[in-house]
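J.: Next up is a structure, given as structure tokens.
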Amino acid sequence: MKYLSKFSLLLLLATGLFVATGCGDDTTVIESVDVSGTVLDDLGNPLEGVNVSSDLDDDDTSTDASGAYSFSAGAGATLTFTLDGYRTETADVSTGVDSETIDVTLDRGPGALFAESFEAGGNKVQDPAFAANSIQPTADLGAAGTGIAGCEDVSYKGAIDPSGTPWYEGWSFYDNLVNGDLNSDEFTTGTIVNVTSSPDGVGTTTWSPNNTYVLDGFVFVNEGQTLTIEAGTVIQGKPGEGAEASALVVARGGKIIANGTSDAPIIFTYEGDNGGSSAQTRGEWGGLIILGNAGLNTVPSEQRIEGLPETELRGVFGGSDDADNSGVLRYVSIRHGGSNIGADNEINGLTLGGVGTGTEIEYVEVVGNLDDGIEWFGGTVNAKHLISAFCGDDALDYDMGYRGNNQFVVVHQDATVGAADRGGEHDGGTDPEDAAPFATPTFCNVTAIGNADSRAITFRDNAGGFYHNSIFVGFNRGIDVEDLIDADQDSYKQFEDGNLALQNDVFFNIGAGDRAADIFKVTQN
2 MKYLSKFSLL
12 LLLATGLFVA
22 TGCGDDTTVI
32 ESVDVSGTVL
42 DDLGNPLEGV
52 NVSSDLDDDD
62 TSTDASGAYS
72 FSAGAGATLT
82 FTLDGYRTET
92 ADVSTGVDSE
102 TIDVTLDRGP
112 GALFAESFEA
122 GGNKVQDPAF
132 AANSIQPTAD
142 LGAAGTGIAG
152 CEDVSYKGAI
162 DPSGTPWYEG
172 WSFYDNLVNG
182 DLNSDEFTTG
192 TIVNVTSSPD
202 GVGTTTWSPN
212 NTYVLDGFVF
222 VNEGQTLTIE
232 AGTVIQGKPG
242 EGAEASALVV
252 ARGGKIIANG
262 TSDAPIIFTY
272 EGDNGGSSAQ
282 TRGEWGGLII
292 LGNAGLNTVP
302 SEQRIEGLPE
312 TELRGVFGGS
322 DDADNSGVLR
332 YVSIRHGGSN
342 IGADNEINGL
352 TLGGVGTGTE
362 IEYVEVVGNL
372 DDGIEWFGGT
382 VNAKHLISAF
392 CGDDALDYDM
402 GYRGNNQFVV
412 VHQDATVGAA
422 DRGGEHDGGT
432 DPEDAAPFAT
442 PTFCNVTAIG
452 NADSRAITFR
462 DNAGGFYHNS
472 IFVGFNRGID
482 VEDLIDADQD
492 SYKQFEDGNL
502 ALQNDVFFNI
512 GAGDRAADIF
522 KVTQN
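Residues 2 to 526 in my numbering are what the sequence shown spells out, letter by letter.
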């Protein structure tokens, strides 16, 4: 208890914060109250780390592991109890008492409920203890979840079997990166054949490893045409930005049959590259764009793909055939792309717009792209054995209702701070955001290596999606889910409805912390 002289009495009479204990000139005045109590959640569990602050004092405190707190607050003050993910509560301190007990219950808000799914889904924080120059775990990470629709059952977590030979060995640029070498191996090029942009497309033709095909502008495989690329063939793109950029575009109704092998992969790169190029060399040409007839969730149901000029009519994609077949990509390495065509509109390494399940994609890598590594715009295409490494923006990006299945996926960011954005940028819809079909793809057995400035995954714009049996290491932040205030449909609603889940995943060295609430976050807008 503290005491004040009579000259403060008039002020205290106005606030009622006094107790008279006798007659004459001496008045005993209560200025502060010793407050203590316990903070629980709405299930009766103690809450640690709740901030308790007073509107009349600069001091604050926080609850301990048992949910208990204690401090001295001004008589008549209003206390505020806050904890990230929980709904804030207030309580008033009494006047005319020396001490008071104030117990509070904080209701679990979206953040707390999403954080609770961390352990409920079998996720955990653990060092995978990668072997030297490898992303093969040596630690026992526990049993992998099985019976996942769209994924084959395996006994391990992450993209690489701990007891087997990594599937990226021998054919990929990434094989060098994981061993600490930023440069690609040298490879043999053939006789230069220039392929120029033409409204007639390339026709139905075959490209062989005896030649090196240099793309000059936007080269199209038109509707009804099939481009076959034999194993070991090198395709190079000329440099340029805007209308001068170079890319290979498989138009809706066209097909690409790029069937490489582990001994003779098909390589897409920039003009003049025959190996020895750095993974940090980006934006030297465009990229590979494949467009199909599978469904989107946009209005209208057909769209123009980003990365192409607005005047290009062959850039339209989307339709109603979810089983559409755009061909085959197998043992394909796409390097150093991402030309800017204007207004920060870069080309992704591999763009898949409205591509259907009839298309076969496996053993495909994107290395050193200036923009996103792989981006899906709607569609249903499935894939296995994907790599997105050292890309300047997002490693994996989807939008417009994409709903395919992907397994054995490597994400590896350049460790340079600021060199990459998210491991996964996942959007549900564009216009409108809440349209069906919802974006609910499945990713199994992902190994994602981040950097100290990036986030593992963001779900927003009504995106759903599933990650199973995956490993996330070295990101600054973990998983973020958007919750739009007063919206009927958003990514948090997808979580509530069971269309967004992360299960049996492992997290390690996440800069935000190692608690569930540090790794699984809800952002309210």
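Glycine included, each C-beta is placed from N, C-alpha and C at the ideal position.
#1: Buried or exposed for Ile290, going by 16 or more other Cβ atoms inside 10 Å?
#2: Taking Cβ positions, are Leu178 and Val250 nearer each other than 8 Å?
#3: Keeping to the same chain, check which residues put their C-beta closer than 8 Å to that of Ser455; ignore five residues upstream and five downstream.
#4: Between the Cα of Ala130 and the Cα atoms of Ser118, Asp400, Val356 and Lys158, which residue gives the shortest distance?
#5: Closest to Ile511 by C-alpha separation, out of Lys256, Thr189, Ile520 and Phe269, would be which residue?
#6: Could you tell me whether the segment 83-94 touches the segment 461-475, where touching means 3 or more Cβ pairs closer than 8 Å?
#7: Looking at the structure shown, is Asp176 part of a helix, part of a strand, or coil, going by DSSP?
#8: Where do the ends of the beta strand (DSSP E) carrying Asp141 lie?
#9: By Cβ distance, which residues of its chain are closer than 7 Å to Gln226, with the 5 residues on each side in sequence left out?
#10: Where Lys125 and Ala259 are concerned, what is the direct C-alpha to C-alpha distance, given to the nearest angstrom?
#11: May I ask you to report which of helix, strand or coil DSSP gives Arg315?
#12: Beta carbon of Gly430, beta carbon of Asn463: below 8 Å?
#13: Identify whether Ile520 lies in helix, strand or coil by the three-state DSSP scheme.
#14: Classify Glu497 as helix, strand or coil using the three-state DSSP reduction.
#15: Given a cut-off of 8 Å, decide if Gly151 and Asn406 are closer than it, judged by their beta-carbon atoms.
#16: The alpha helix (DSSP H) spanning Leu114 covers which residue range?
#17: According to DSSP, which residues form a beta bridge with Asn260?
#18: Over what stretch of residues does the beta strand (DSSP E) that includes Pro168 continue unbroken?
#19: How do the segment 53-68 and the segment 31-41 stand: do at least 3 beta-carbon pairs fall below 8 Å, yes or no?
#20: Pick helix, strand or coil for Glu90, following the three-state DSSP scheme.
#21: Spatial neighbours of Cys24 within its chain, please: C-beta separation below 6 Å, excluding the five flanking residues on both sides.
#22: CB-CB under 7 Å to Glu120, same chain, minus the five flanking residues each way: which ones, in chain order?
#23: Could you check the C-alpha separation between Leu48 and Gly68 for me, to the nearest Å?
#24: DSSP on Ala69, reduced to helix/strand/coil?
#25: Nearest-angstrom Cα distance between Thr234 and Glu285?
#26: Report yes or no: do the segment 212-229 and the segment 318-326 share at least 3 C-beta pairs separated by less than 8 Å?
#27: For the ligand SAM, any of its heavy atoms closer than 7 Å to the Cβ of Asn211?
#28: By Cβ distance, which residues of its chain are closer than 7 Å to Gly110, with the 5 residues on each side in sequence left out?
#29: Around the C-beta of Leu314, are 16 or more other C-beta atoms found within 10 angstroms, so that it is buried, or is it exposed?
T.: So, from the data block:
#1: The residue given as residue 290 occupies position 289 in the sequence shown. Result: buried.
#2: As a working note, residue 178 is residue 177 in the sequence shown. As a working note, residue 250 is residue 249 in the sequence shown. Result no, Cβ atoms of Leu178 and Val250 do not sit closer than 8 Å.
#3: Looking up residue 455 in the sequence shown gives position 454. Answer for Ser455: Gln414, Ala421, Asp422, Arg423, Gly424, Phe476, Asn477 and Arg478, listed in chain order.
#4: Position 129 of the sequence shown, counting from 1, holds the residue named residue 130. Checked all of Ser118, Asp400, Val356 and Lys158; the closest Cα to Ala130 is Lys158.
#5: Looking up residue 511 in the sequence shown gives position 510. The candidate whose alpha carbon is nearest that of Ile511 is Ile520.
#6: Contact between the segment 83-94 and the segment 461-475 is not established, with fewer than three Cβ pairs separated by less than 8 Å.
#7: On the sequence shown, residue 176 is found 175 positions in, with the first residue counted as 1. In this structure, Asp176 counts as helix in the three-state DSSP scheme.
#8: Numbered from its first residue, the sequence shown carries residue 141 at position 140. Careful: Asp141 lies outside any beta strand (DSSP E) and carries neither H nor E.
#9: Position 225 of the sequence shown, counted from the start, is the residue given in the question as residue 226. Once the five neighbours on either side are set aside, the close Cβ partners of Gln226 are Gly202, Val203, Gly204, Thr205 and Gly255.
#10: The count along the sequence shown starts at 1 and reaches residue 125 at position 124. The count along the sequence shown starts at 1 and reaches residue 259 at position 258. If you take the alpha carbons of Lys125 and Ala259, they lie about 39 Å apart.
#11: Here residue 315 is taken as the residue at index 314 of the sequence shown, counted from 1. Looking at Arg315 - three-state DSSP - the assignment turns out to be helix.
#12: Translated into the one-based positions of the sequence shown, residue 430 becomes position 429. Translated into the one-based positions of the sequence shown, residue 463 becomes position 462. Inclusion of Gly430 and Asn463 in the CB contact set at 8 Å is warranted, their separation being smaller than that value.
#13: As a first step, residue 520 is located in the sequence shown; it is residue number 519 there, counting from the start. Helix.
#14: Locating residue 497 in the sequence shown gives position 496, where the first residue counts as 1. Glu497: helix per DSSP, three-state reduction.
#15: The residue labelled residue 406 in the question sits at position 405 within the sequence shown. The residue labelled residue 151 in the question sits at position 150 within the sequence shown. Yes.
#16: Here residue 114 refers to the residue found at position 113 of the sequence shown. Residues Pro111 to Ala121.
#17: Position 259 of the sequence shown, counted from the first residue, corresponds to residue 260. Within the DSSP bridge table, the entry for Asn260 names Arg331 as partners.
#18: Your numbering for residue 168 matches position 167 in the sequence shown. Before going further, note that residue 168 is Trp rather than Pro in the sequence given. According to the DSSP assignment, Trp168 belongs to no beta strand (DSSP E), since it is labelled neither H nor E.
#19: Touching, yes.
#20: By one-based count along the sequence shown, residue 90 stands at place 89. In this structure, Glu90 counts as strand in the three-state DSSP scheme.
#21: Counting from one through the sequence shown, the residue named residue 24 turns up at place 23. Below a pLDDT of 50, predicted positions are generally treated as unreliable, and Cys24, at 46, falls in that range; no measurement from the model is reported.
#22: Start at 1 with the first residue of the sequence shown, and residue 120 comes out as number 119. Closer than 7 Å at the Cβ level, and outside the excluded window around Glu120, lie Ala517.
#23: Translated into positions along the sequence shown, residue 48 becomes position 47. Translated into positions along the sequence shown, residue 68 becomes position 67. The alpha-carbon atoms of Leu48 and Gly68 are separated by roughly 5 Å.
#24: On the sequence shown, residue 69 is found 68 positions in, with the first residue counted as 1. DSSP places Ala69 in strand when its eight states are reduced to three.
#25: Start at 1 with the first residue of the sequence shown, and residue 234 comes out as number 233. Start at 1 with the first residue of the sequence shown, and residue 285 comes out as number 284. Taking C-alpha positions only, Thr234 is separated from Glu285 by approximately 19 Å.
#26: The segment 212-229, when compared against the segment 318-326, does not touch it at the 8 Å Cβ threshold.
#27: As presented, the structure is devoid of all ligands, the ligand SAM included, so that no description of it is given.
#28: Within the sequence shown, the letter at position 109 stands for residue 110. Excluding sequence neighbours, Gly110 sits near Gly86, Tyr87 and Arg88.
#29: As a working note, residue 314 is residue 313 in the sequence shown. Answer is exposed; the Cβ neighbour count stays below 16.
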